[in-house]
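Notes follow once the structure below has been shown.
In the working numbering, the protein residues as written are 6 to 108.
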């Protein structure tokens, strides 16, 4: 994985975990990394309070973290998914197709 992708993965994970600590009230959080020759996946799930994604997106001044994660994913050709609703916790999933690199 190129350094630019690795840095983006780190920053997205960092922002996700910061959001868990600041906003979720979660008792548990699980971070899962998986990789194959074709892709790299990051998933972070918590059992916190959850939130309305559409409402957070509408309040841009409060959701720069979400906006930044989305932009970082876009810049590295990754797919970012954020699933949440009040009372259900939040799941952040990042899928990065890996390019064939001559080793």
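Backbone N, C-alpha and C define an ideal beta-carbon position, used for all residues, glycine too.
Item, Value
"Applying the criterion that 16 or more other CB atoms from any shown protein chain within 10 Å of the CB defines a buried residue, is residue 16 buried or exposed?", "exposed"
"Do residue 7 and residue 43 have their C-beta atoms within less than 8 Å of each other?", "no"
"Could you check the C-alpha separation between residue 40 and residue 46 for me, to the nearest Å?", "6 Å"
"In this structure, how does DSSP classify residue 56 when only helix, strand and coil are distinguished?", "coil"
"Thinking C-beta only, is residue 50 closer than 8 Å to residue 94?", "yes"
"What residues in its chain sit with their C-beta under 6 Å from that of residue 13, if we drop five residues either side in the sequence?", "77, 81"
"I'd like the span of the beta strand (DSSP E) that includes residue 47, first residue to last.", "44 to 51"
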